[in-house]
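Protein sequence lines correspond, in order, to chains S and R.
Take the first sequence: its letter number 79 is residue 79 in full-length UniProt numbering, and every next letter is one higher.
Take the second sequence: its letter number 11 is residue 11 in full-length UniProt numbering, and every next letter is one higher.
Okay, structure first, notes after.
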Amino acid sequence: MKGNYDKAFENVVRLRVMSILMVNEEYDFNSFKEMLDVTDGNLASHLKNLEKQEYIQVSKSFVGRKPLTNYSATASGKEAFQAHLEFLENLIKENKS
Amino acid sequence: MRKPEQELAEIKSMMERSTRFLSLSGLSGILAGTYALIAAGLAYAWVYYPNLPYGTNIELIRQEDILGKLLVTAAVVLLFSIGTAWLMSQSKSKKKAQKFWTPASKRFIQALFIPVAVGGIFCLAMLAKGYLGVVAPATLIFYGLGLLNASTFTLNDIKYLGYCQLVLGIISAFFTGYGLILWAVGFGVLHIIYGAMMYYKYDR
Chain S
1 MKGNYDKAFE
11 NVVRLRVMSI
21 LMVNEEYDFN
31 SFKEMLDVTD
41 GNLASHLKNL
51 EKQEYIQVSK
61 SFVGRKPLTN
71 YSATASGKEA
81 FQAHLEFLEN
91 LIKENKS
Chain R
1 MRKPEQELAE
11 IKSMMERSTR
21 FLSLSGLSGI
31 LAGTYALIAA
41 GLAYAWVYYP
51 NLPYGTNIEL
61 IRQEDILGKL
71 LVTAAVVLLF
81 SIGTAWLMSQ
91 SKSKKKAQKF
101 WTPASKRFIQ
111 ALFIPVAVGG
121 IFCLAMLAKG
131 YLGVVAPATL
141 IFYGLGLLNA
151 STFTLNDIKY
161 LGYCQLVLGI
171 ISAFFTGYGL
181 ILWAVGFGVL
191 HIIYGAMMYY
201 KYDR
């Protein structure tokens with residue numbers, strides 16, 4: 001079967017984070033928090049997890065005095081997500097026939 | 001693992017919500033159209049009344065006092081429309097428990113207002129130089145381009161409003177004497193139709 005079920009995206013928060021990063025060049029921590037409605041710690045640990053797998057990359061900067069943490073998807077992250085999507089699509093196709 | 005259909009729906013909704021500003025209020029479109037129609041009625045009364053036959057009385061607008069009145073009216077309509085849209089969209093996003101001020105809404109506003117602001121300044125320049133006849137078409141065309149530009153960042157339906165404004169703008173560029181009525185159709189009637197459609201489709 002084509003595609004690959006990726007354990008990294010088994011968790012809903014990680015799946016949502018990756019979906020957002022597929023269509024946005026970059027997205028910051030606070031915007032994630034508002035969009036996903038999760039706690040700081042929860043979000044941070046999922047982001048760390050994705051970062052460890054090198055699916056996303058972090059860049060830190062300052063806006064005035066406030067730190068701003070931006071995330072973006074890496075090439076391998078996008079590939080992995082694409083494969084995960086293909087897997088899901090094929091699964092649906094097979095169930096239909 | 002959840003059902004793959006659910007999973008895909010989840011992904012799609014996240015992609016849309018993070019890139020598109022979905023809280024645009026339909027009702028505010030109807031109100032903006034109403035303001036525009038009232039303003040067009042006033043402008044008609046100032047410029048053409050009592051010389052009712054329509055179309056060619058462009059020279060009349062050259063009187064300084066009328067031009068000033070028209071400019072003030074236009075500015076008031078613009079402020080009221082933006083204010084209404086802002087407040088009503090804010091309350092709509094509150095109702096849907098979504099944030100109003102997101103990267104998506106910022107991009108939407110930027111995409112809409114850059115062409116509109118440039119067009120506005122361009123129109124002021126034309127007024128200053130005395131090219132009165134092409135101001136109405138220019139406002140329609142720049143607004144249409146702004147809508148088209150912004151449609152990537154909000155509900156797709158706004159694209160069709162943009163196309164209609166562009167067509168009206170081009171028509172009125174060729175028939176400058178009918179600028180006022182085409183302007184009223186574009187900013188008044190089309191906004192009301194569009195707002196009503198959006199209201200029935202998304203807001204109820």
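Just so you know, even glycine gets a beta-carbon here, dropped at the ideal spot from N, CA and C.
Based on Cα-Cα distance, which residue from the options lies nearest to residue i?
| i | options | result |
| --- | --- | --- |
| K159 of chain R | R:L112, R:K99 and R:M88 | R:L112 |
| I181 of chain R | R:A40, R:L71 and R:T152 | R:A40 |
| A117 of chain R | R:Y143, R:K129 and R:M88 | R:Y143 |
| I38 of chain R | R:F153, R:A173, R:T73 and R:S91 | R:T73 |
| D37 of chain S | S:E51, S:V58 and S:V13 | S:V13 |
| L50 of chain S | S:K93, S:N11 and S:L91 | S:N11 |
| V189 of chain R | R:G26, R:I30, R:I11 and R:K3 | R:I30 |
| A45 of chain R | R:G26, R:K69 and R:L22 | R:K69 |
| F62 of chain S | S:F29, S:K96 and S:N4 | S:F29 |
| L132 of chain R | R:D157, R:M88, R:L67 and R:S13 | R:L67 |
| L71 of chain R | R:R107, R:A43 and R:K94 | R:A43 |
Taking the Cβ atom as the reference point for each residue, do residue i and residue j lie within a distance shorter than 8 Å?
| i | j | result |
| --- | --- | --- |
| A36 of chain R | F187 of chain R | yes |
| L21 of chain S | I56 of chain S | yes |
| G24 of chain R | L155 of chain R | A small correction: the amino acid at residue 24 of chain R is Leu; Gly does not occupy that position in the sequence shown. Closer than 8 Å, so yes. |
| M35 of chain S | F81 of chain S | no |
| E54 of chain S | T69 of chain S | no |
| G195 of chain R | S28 of chain R | yes |
| V23 of chain S | M15 of chain R | yes |
| E25 of chain S | S72 of chain S | yes |
| V185 of chain R | L168 of chain R | yes |
| C164 of chain R | T139 of chain R | no |
| I192 of chain R | T34 of chain R | yes |
| A32 of chain R | T102 of chain R | no |
| S18 of chain R | A104 of chain R | yes |
Buried or exposed: where does residue i fall if 16 or more other Cβ atoms within 10 Å of its Cβ makes it buried?
| i | result |
| --- | --- |
| V76 of chain R | exposed |
| A150 of chain R | buried |
| V135 of chain R | buried |
| Y27 of chain S | buried |
| P67 of chain S | exposed |
| Q6 of chain R | exposed |
| K92 of chain R | buried |
| T39 of chain S | exposed |
| F153 of chain R | buried |
| R65 of chain S | exposed |
| R20 of chain R | buried |
| A128 of chain R | exposed |
| S45 of chain S | exposed |
| S13 of chain R | exposed |
Compute the Euclidean distance between the alpha carbons of residue i and residue j, then round it to the nearest angstrom.
| i | j | result |
| --- | --- | --- |
| S81 of chain R | G120 of chain R | 15 Å |
| D6 of chain S | L15 of chain S | 10 Å |
| L145 of chain R | L161 of chain R | 10 Å |
| residue 207 of chain R | A125 of chain R | Residue 207 of chain R falls outside the range modelled here, since chain R spans only 1 to 204, and no answer is possible. |
| S172 of chain R | P137 of chain R | 5 Å |
| I141 of chain R | E89 of chain S | 42 Å |
| A8 of chain S | P115 of chain R | 42 Å |
| S31 of chain S | E94 of chain S | 37 Å |
| D65 of chain R | L79 of chain R | 21 Å |
| residue 183 of chain S | L43 of chain S | The structure shown does not extend to residue 183 of chain S, since chain S is modelled only from 1 through 97, so no value can be given for it. |
| G177 of chain R | Y199 of chain R | 34 Å |
| G3 of chain S | F87 of chain S | 4 Å |
| G26 of chain R | E10 of chain R | 26 Å |
Measuring from the CB of residue i, is there a heavy atom of the ligand SAH at a distance below 7 Å?
| i | result |
| --- | --- |
| S19 of chain S | The model depicted lacks the ligand SAH and carries no ligand whatsoever. |
Mind checking if residue i is an interface residue toward chain A, Cβ cutoff 8 Å exclusive?
| i | result |
| --- | --- |
| R65 of chain S | No chain A appears in this structure, whose protein chains are S and R. |
Any alpha helix (DSSP H) of 4 or more consecutive residues that is wholly inside the region 9-37 of chain S: 12-23 and 29-36
Jot down the residue ranges of each uninterrupted beta strand (DSSP E) in the region 30-90 of chain S, minimum 3 residues, whole runs only, in chain order. 56-63 and 66-73
Alpha helix (DSSP H) runs wholly inside the region 96-139 of chain R, at least 4 long, in chain order: 103-129
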